[in-house]
Structures are given as C-alpha cells and as structure tokens.
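Position one of the sequence shown corresponds to residue 1 (full-length UniProt numbering), numbered consecutively onward. Here the structure is laid out as structure tokens; the discussion comes afterwards.
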Amino acid sequence: MAVEYFASLYTDDTTMHTPYNVDICFPSIDRNELISCSKMIYMEEVTKRANSSPLWRGVVNSWKFVQEGAVWRLGNGMKVKFWSDPWLPNGRIHGNYAIVHLSDVDRNRVAAEFVSASGDWAWDMFDFLIPNNVTSMIVAIRPPSPMLLEDMIIWRHSQDGSFSTRSAYRAISRNVVGHSNSFWRLLWKWKGMERDRTFLWLCGHDQLLTNEARKRRGLTDVDVFCHCGMDVESLLHTLRDCRKVKPLWLKLVHPSHWHVFFGMGRMEWLEINLSSDFGRSGRPWESVFAVAVWIFWKMRNAEIFQSQEAVIMDPVDHVFQLFDAFTLAQSRQCMGFSKFHANSPAFICWHKPEMGWIKFNMDAARQESLRKVACGGVARDCQGNVLAGFTRYIGDCSELPCCRPTQSCHPCFGILFGNKQLLQQEWIVRLDHMFREGNMAADACAKHALGKGTDFEVFSVAPAAVACWVKHDADGGGLVRSCMA
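Spelled out as structure tokens, the structure:
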C-alpha cells in the first residue's frame with residue numbers, strides 16, 4: 001500500500017508510520033472485479049469533463065496508448081474472445097481481419113473453442129476467413145491448452161510483457177522518431193573508423209552540404225547535382241541513386257538485395273545497411289557500407305573542387321583496400337588482449353551419441369528482410385542413422401527474446417511452460433549448445449522449411465537437402481573454427 005511503501009523508504013518498521021488502518025482507506029477488490037477492470041482496458045472509453053483534474057485529463061489523453069499496448073497472452077483460452085479481443089502480436093483485433101461479416105455469436109466465442117483434439121489450431125474453422133499474412137502470425141502463437149495458466153493481459157511493447165514507463169514512452173514516441181532510434185543504437189555499437197562513424201552521424205541528421213541543403217539555406221540558386229546534371233542533389237541521390245554512383249553499388253551489393261537496397265528512404269536505408277548483410281564479397285557489410293558512402297562523398301567533393309589528390313581509379317577496389325587495412329590494424333591493436341584471451345583453432349563436428357541415447361539436433365532460420373522464421377530438427381541414434389525429423393515454418397515473427405521462465409506475463413510463456421513439462425517427464429534429457437559447424441543437418445532442416453513454407457512436416461527419411469549433411473556428420477566431417485581457449 002502507499003503508506004507502507006513510503007514508510008519503507010526510511011525504516012523497516014512500517015507500523016510506526018501508519019497512523020490509520022490502511023484497509024479502511026482503500027476499497028477491497030475481489031478477483032471477479034479485477035477481471036472486469038482488466039477488460040475495461042481495451043473495451044471502455046474514458047472521457048474528461050469540464051471539472052476534471054489535470055491528472056485525470058492526462059489519463060484520458062494517454063488512454064489510447066494504454067489500449068493500443070495492452071494485449072492478451074493466451075493461456076487456457078477460456079477468457080480471450082477469439083474474434084473480439086486483441087491477442088495477435090501486433091495488437092490488432094483478429095475480427096478486424098475477417099473477410100466476411102461475423103455474427104455476434106461468433107464474436108463471443110473464446111479461443112479455446114478453436115483448438116483441435118490434437119492440441120493444434122483448428123485451422124478448418126477460421127483459416128478460410130482471414131488473409132495469409134494473419135495466418136502467418138497465428139502460426140507463431142502456441143494454441144491454448146488446459147495445462148497452461150489462465151489468459152492474462154500483458155504489455156506488448158516490452159520483451160517480457162511487463163509494463164514499464166520506459167517502454168511506454170518509446171511506444172508513444174515511436175511515430176515521431178521511428179527508425180531513427182534503432183539507427184542511433186546501431187551507430188553507437190558500430191565498430192569501425194571514427195571518421196566513418198562521424199560521417200554516418202551527419203547522414204542520420206541529414207546535415208551533408210548538398211546542393212539541396214545549400215539552396216534551402218540560401219547559399220545557391222541551383223539544387224541540381226553537378227556530378228550528373230540530372231536530378232536534385234539530395235543525400236540519397238548523391239550517395240546512392242546518381243548514375244555515376246549506382247553502378248558502383250551494383251558491384252558491392254548482392255543482386256538478390258538490389259530491390260531492397262535501392263527502394264528505401266534515407267533513415268531506413270541507413271539503418272538496414274548497418275543491421276543486414278547485403279554484400280557479395282564476404283566482408284562484414286556494415287563496415288563495407290560505411291567505408292563506401294564516405295569514399296563516394298569524397299569522390300563527389302573531388303570533382304566539385306577539382307582536386308587531384310582524391311582521384312580514385314577503381315572505387316570498389318579502393319573501398320575493399322581501406323576496409324582490409326583497417327581490419328589488419330584493428331587485429332594488431334587487439335594482439336595485447338589476445339595474449340591473455342587467446343583463441344585456438346578447434347575441429348568442430350557432430351558427435352554420435354552414446355549407446356542407448358538419442359541425439360536430437362534442432363536449429364532455426366530467419367529471413368531478415370521478410371521477417372520469416374522456420375525451425376527444424378533431426379533425431380539420430382548412436383550409429384548416426386536418422387530416426388525421425390521435422391520441419392516447421394513458423395511465419396511472421398521476430399527472434400524469441402530472452403526471459404526468465406517464472407515470468408507468466410511473457411509472450412512466450414506458453415512455449416517455455418510446455419518445454420518445462422516435457423523435461424519433467426520420465427526420461428533423461430541433457431541440453432547442450434552446439435556450434436553451427438556441428439549442427440549442419442538441423443540447420444539444413446530449418447532452411448529447408450524456410451524455403452518450402454509448409455506448416456509442419458515429420459519425416460523418417462531425410463529430404464535430399466538434409467540427407468547430404470546427415471552423411472557428412474556420420475562420416476565425421478566438420479570444420480575448423482577459432483574458439484576461446
């Protein structure tokens with residue numbers, strides 16, 4: 001209670017600071033009333049009157065953000081209305097996606113009614129009523145189960161489902177700052193030459209003195225790019241879209257990413273190039289990208305000011321040379337650290353289980369640009385023979401955030417609870433981490449599921465894309481990688 005809280009700030013003996021009976025001052029709320037109040041979060045509208053206090057006016061003005069961030073975490077599915085309550089990861093009400101009109105009876109049906117006898121979603125009851133993109137979101141959610149806890153309301157803007165002022169502020173201000181928040185975090189963590197970091201900082205603030213910026217400040221009457229003489233010299237045109245620069249990017253960016261690379265706005269373009277791998281050279285793309293934009297800006301300035309010092313015959317090769325030189329210098333700088341934390345080469349491969357054990361390797365795959373996720377696994381005996389395996393296309397979701405298993409408000413609590421139940425059954429289970437070099441068969445299963453896009457498949461004979469890696473593992477094949485000693 002409030003009195004006890006403030007008293008506890010100064011002493012452990014709260015009774016000395018309680019001048020009246022706290023129970024009398026605060027109304028009692030039973031469980032049914034608490035559930036009713038929780039439903040009000042997204043069902044009721046709050047209004048302000050002429051005599052409303054400033055505090056209440058603030059609550060009313062912020063109520064829409066509370067409703068937008070409060071969603072249901074499915075448990076046993078007995079409270080959540082399948083079509084009328086917000087339980088999808090994006091916070092939207094499922095019924096808003098329905099392509100047909102839903103009756104009041106349908107809208108009042110709870111989520112537990114849409115589970116099949118096998119415990120999976122009863123897709124035949126609703127799959128034909130919603131678009132495919134909504135189906136992808138539902139695939140990533142564990143169906144309700146009587147074994148789980150009750151449904152509860154969580155805060156969707158935090159990774160663990162709990163409410164915090166910080167997450168609420170970020171959610172409210174997201175429409176204002178958008179991608180920029182992520183970009184600044186990526187730039188802060190980016191490892192490279194400080195000169196390139198400073199240049200990216202200027203790009204993020206749109207502070208390059210292009211002709212567009214000079215005309216806006218009254219420094220010139222012409223905003224056309226003199227480098228090509230065709231379009232307005234904006235930041236994106238100068239660094240990416242100019243007919244003299246674009247061919248250089250085509251050599252640096254892998255062809256499969258051209259449509260994404262050349263189709264974004266300034267902040268999104270900067271952010272995704274610091275967080276994705278668009279390159280075709282095998283070098284870390286975020287560093288190659290930073291060096292490239294700096295070099296292309298230097299080339300622009302050299303042509304304008306007719307400088308002979310910055311003339312570059314092969315810009316793409318020059319970008320690679322600068323990156324390799326910095327990488328070499330950085331590795332030499334870290335030699336002092338490596339003397340005390342030496343990495344040693346180790347041969348990593350798949351090891352057969354002991355006699356009587358079954359080894360089940362699992363892995364996941366994610367297609368970053370489309371937010372598609374899949375997983376797969378394969379079980380093998382002590383001879384390396386495949387006993388069974390599975391592939392599962394999960395759909396549209398992000399990577400699972402880390403959490404404490406005791407947090408029942410976590411969006412993935414149902415999955416963790418199910419895993420804990422499996423571990424507690426009458427068998428001996430040992431969980432080990434495996435490097436990718438020793439987990440190639442499971443990695444192939446996940447990638448196979450990602451490319452195929454099917455919901456769930458179980459196999460006893462490995463697909464061709466997986467069979468080659470199964471044989472590779474059984475033959476003792478592996479790779480050498482550097483590991484911390």
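We put the CB at the ideal spot given by N, CA and C, even for glycine. Remember, it's a predicted structure, so these values are computed and weren't measured experimentally.
| Asked | Found |
| --- | --- |
| Thinking C-alpha only, which one of 314, 392, 133 is nearest residue 89? | 133 |
| Which same chain residues, not among the five before or five after residue 19, have their C-beta less than 6 Å away from its C-beta? | Any reading at residue 19 must be qualified, since the residue scores a pLDDT of 44, below 50, and its modelled position is unreliable; the value itself is stated next. Correct list: empty, nothing qualifies. |
| Given a cut-off of 8 Å, decide if residue 466 and residue 378 are closer than it, judged by their beta-carbon atoms. | yes |
| Report all residues from its chain with a CB closer than 8 Å to the CB of residue 56; omit the five preceding and five following residues, and keep chain order. | 48 |
| Can you find the residues in the same chain that come closer than 7 Å, C-beta to C-beta, to residue 235, ignoring five residues on each side of it along the sequence? | 203, 206, 208, 210, 266 |
| Is residue 77 closer than 8 Å to residue 115 when the C-beta atoms are compared? | yes |
| Suppose only complete runs of 3+ residues qualify. What are the beta strand (DSSP E) ranges in the region 51-77, listed by chain order? | 70-73 |
| Given this structure, state the Cα-to-Cα distance separating residue 438 from residue 97, to the nearest angstrom. | 43 Å |
| How many Å lie between residue 218 and residue 224 at the Cα? | 14 Å |
| Of the residues 62, 103, 64, which one's Cα is nearest the Cα of residue 82? | 103 |
| Take residue 145 and list the residues in its own chain whose beta-carbon comes closer than 7 Å to its own, dropping the five residues that flank it on each side. | 76, 119 |
| Within its chain, find whatever has a CB closer than 7 Å to the CB of residue 121; leave out the 5 residues flanking it on each side and keep chain order. | 114, 115, 138, 143 |
| Output the boundary residues of the alpha helix (DSSP H) element that contains residue 365. | From DSSP, residue 365 is part of no alpha helix (DSSP H) but of the beta strand (DSSP E) over 359-367. |
| Mapping DSSP to helix, strand and coil, what is residue 246? | helix |
| DSSP state of residue 152, grouped into three classes? | strand |
| Using a 10 Å radius around the Cβ and a threshold of 16 neighbouring Cβ atoms, would you call residue 456 buried or exposed? | exposed |
| Is residue 60 near the ligand ADP, going by C-beta to nearest heavy atom under 7 Å? | For the ligand ADP, the structure offers nothing, since it holds no ligand at all. |
| Should residue 414 go down as buried or exposed, given a rule of 16 or more other Cβ atoms within 10 Å for buried? | buried |
| So who's on the other strand from residue 393, going by DSSP bridges? | 374 |
| Does the beta-carbon distance from residue 363 to residue 474 come in below 8 Å? | no |
| Relative to the C-alpha of residue 160, which residue among 322, 420, 482, 410 is closest? | 410 |
| Please determine if the region 273-287 and the region 315-334 are in contact, where contact requires at least 3 C-beta pairs separated by less than 8 Å. | yes |
| Can you check which of these residues, 221, 58, 315, 365, is closest to residue 448 by C-alpha distance? | 365 |
| What would DSSP say about residue 167, mapped onto helix, strand or coil? | helix |
| Which one or two residues does DSSP pair with residue 486 in a beta bridge? | Nothing can be reported for residue 486: it is not among the residues displayed for the chain, which extend from 1 to 485. |
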